[in-house]
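First to last, the sequence lines map onto chains A and B. Counting in the numbering used here, the first sequence runs from 1 upward without gaps. Counting in the numbering used here, the second sequence runs from 1001 upward without gaps. For each residue, glycine too, the CB sits at the ideal point set by N, CA and C. Being a predicted model, the structure only gives us computed values, none of them experimental. Down below is the structure, laid out as structure tokens.
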Amino acid sequence: MTTRTAPESLVQQLERASIAYELIGHPRTTSAADEARTLGLDLHEVAKTVVLVTPDGFVRAVLPASERVDLRKVRTVLDNRDVQLATEEVLAGAYPDFELGAVPPLSGAGGDRILVDRSLCENEWVVLEAGTHEQSLRLRTTDLVELSGAQLADLSQD
Amino acid sequence: MARIFKEDGVDRTARAPGVGDVAVISGHRVGEPERTGEILEVLGEPGHLHYRVRWDDGHQSLFHPGSDATIRHSTHRASPKAKR
């Protein structure tokens, strides 16, 4: 069985940015919490990316594996009441380079707005799905924010 | 004392990183310790080198150094097994 690795488009974006990053292979995981357990990391060190659909396009919300996205907060940040979680069918069509449920906040369709939960910035490094359920991407949180052009906000449920 | 080889080519007289050398990532924040790991394998092409590294906490990864990463040459470096 072949291990799925990070898509070339993601690796190229990281290479162009000349930032330090790691690709960590691991047994297949299907949630950020599972990924954290597999890698022996705390839940707050691993982030998940939730894709949202808005009238202005897709928004990728990045928050700790331990947290759940608060759509009310996201609607406030975006100043738009029409914000919904993307369905699997939508995700499969919009992000063909990535495995379903493993969309990272980098690469993929251009123009997505990126929101990063402010609490992630408490850690110097963050681990994310690298577009596949069998490889994780570790990079500095500041690099993630800069590279993705993310807006910092409080996105987690209280 | 180990020599430091800058991946960005500042010290071009130093020998290239190899198996057994140590990758070093300095902390960006006050009090943040540096992370170090032993290079197990050298991958890629000159100018785009990356490494399979076993970090101090035991985990392994493919490490792509940024401009702030350094390689500390080991004084007892393993015999070369680098893939080029």
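DSSP three-state call for glutamine 12/A: helix, strand or coil?
Within the first sequence, the letter at position 12 stands for residue 12/A. The answer is helix: DSSP assigns glutamine 12/A an H, G or I state.
Going by the DSSP bridge assignment, what does histidine 1064/B pair with across the sheet?
Position 64 of the second sequence holds residue 1064/B. Per DSSP, Tyr21/A.
Contacting positions in the segment 1018-1039 of chain B - beta carbon closer than 9 Å to chain A:
Within the segment 1018-1039 of chain B, those residues whose Cβ lies closer than 9 Å to any Cβ of chain A are, in chain order, Ile1025, Gly1027, His1028, Arg1029, Glu1032 and Arg1035.
Does the distance from the C-beta atom of serine 1016/B to that of tyrosine 1051/B stay below 8 Å?
The residue labelled residue 1016/B in the question sits at position 16 within the second sequence. The residue labelled residue 1051/B in the question sits at position 51 within the second sequence. The displayed chain sequence assigns alanine, not serine, to residue 1016/B. Against a cut-off of 8 Å, the Cβ pair of tyrosine 1051/B and alanine 1016/B comes out as no contact.
For tryptophan 1055/B and glycine 1066/B, the rounded distance between their alpha carbons
Indexing the second sequence from 1 puts residue 1066/B at position 66. Indexing the second sequence from 1 puts residue 1055/B at position 55. Here the C-alpha atom of glycine 1066/B lies approximately 16 Å from the C-alpha atom of tryptophan 1055/B.
Counting only C-beta atoms, is arginine 16/A closer than 8 Å to chain B at any point?
What you label residue 16/A is simply residue 16 of the first sequence in a count that begins at 1. No, arginine 16/A does not count as interfacial toward chain B.
For threonine 49/A and valine 103/A, which I take to be in contact (beta-carbon distance under 8 Å), what is that distance rounded to the nearest angstrom?
For the purposes of this step, residue 49/A is taken as residue 49 along the first sequence, with counting starting at 1. For the purposes of this step, residue 103/A is taken as residue 103 along the first sequence, with counting starting at 1. At roughly 5 Å, the Cβ-Cβ gap stays under 8 Å, so threonine 49/A and valine 103/A are in contact.
CB of aspartate 1021/B within 8 Å of CB of isoleucine 1039/B, strictly:
Counted from its first residue, the second sequence places residue 1021/B at position 21. Counted from its first residue, the second sequence places residue 1039/B at position 39. Taking 8 Å as the Cβ cut-off, aspartate 1021/B and isoleucine 1039/B qualify as a contacting pair.
Can you tell me which of Thr142/A, Gly110/A, Ala109/A and Ala92/A puts its alpha carbon nearest to the alpha carbon of leucine 120/A?
Taking the first residue of the first sequence as 1, we reach residue 120/A at position 120. Nearest C-alpha to leucine 120/A: Thr142/A.
When the cut-off is 8 Å and only beta carbons count, does proline 1046/B lie next to chain A?
Looking up residue 1046/B in the second sequence gives position 46. Answer no: the Cβ-Cβ gap between proline 1046/B and chain A never drops below 8 Å.
According to DSSP, is aspartate 143/A helix, strand or coil?
Numbered from its first residue, the first sequence carries residue 143/A at position 143. Looking at aspartate 143/A - three-state DSSP - the assignment turns out to be helix.
Does any residue of chain B bring its CB to less than 8 Å from the CB of alanine 150/A?
Taking the first sequence and counting its residues from 1, the one referred to as residue 150/A is at position 150. No, alanine 150/A lies away from the interface with chain B (no Cβ there is under 8 Å from its Cβ).
Which two residues bound the contiguous beta strand (DSSP E) that contains alanine 92/A?
Taking the first sequence and counting its residues from 1, the one referred to as residue 92/A is at position 92. Not the beta strand (DSSP E): alanine 92/A falls in the alpha helix (DSSP H), residues 88-94.
For a contact defined as C-beta to C-beta under 9 Å, what are the partners of alanine 20/A on chain B?
Locating residue 20/A in the first sequence gives position 20, where the first residue counts as 1. Under the 9 Å cutoff, chain B gives Ile1025, Phe1063, His1064, Pro1065, Gly1066, Ser1067, Asp1068 and Ala1069.
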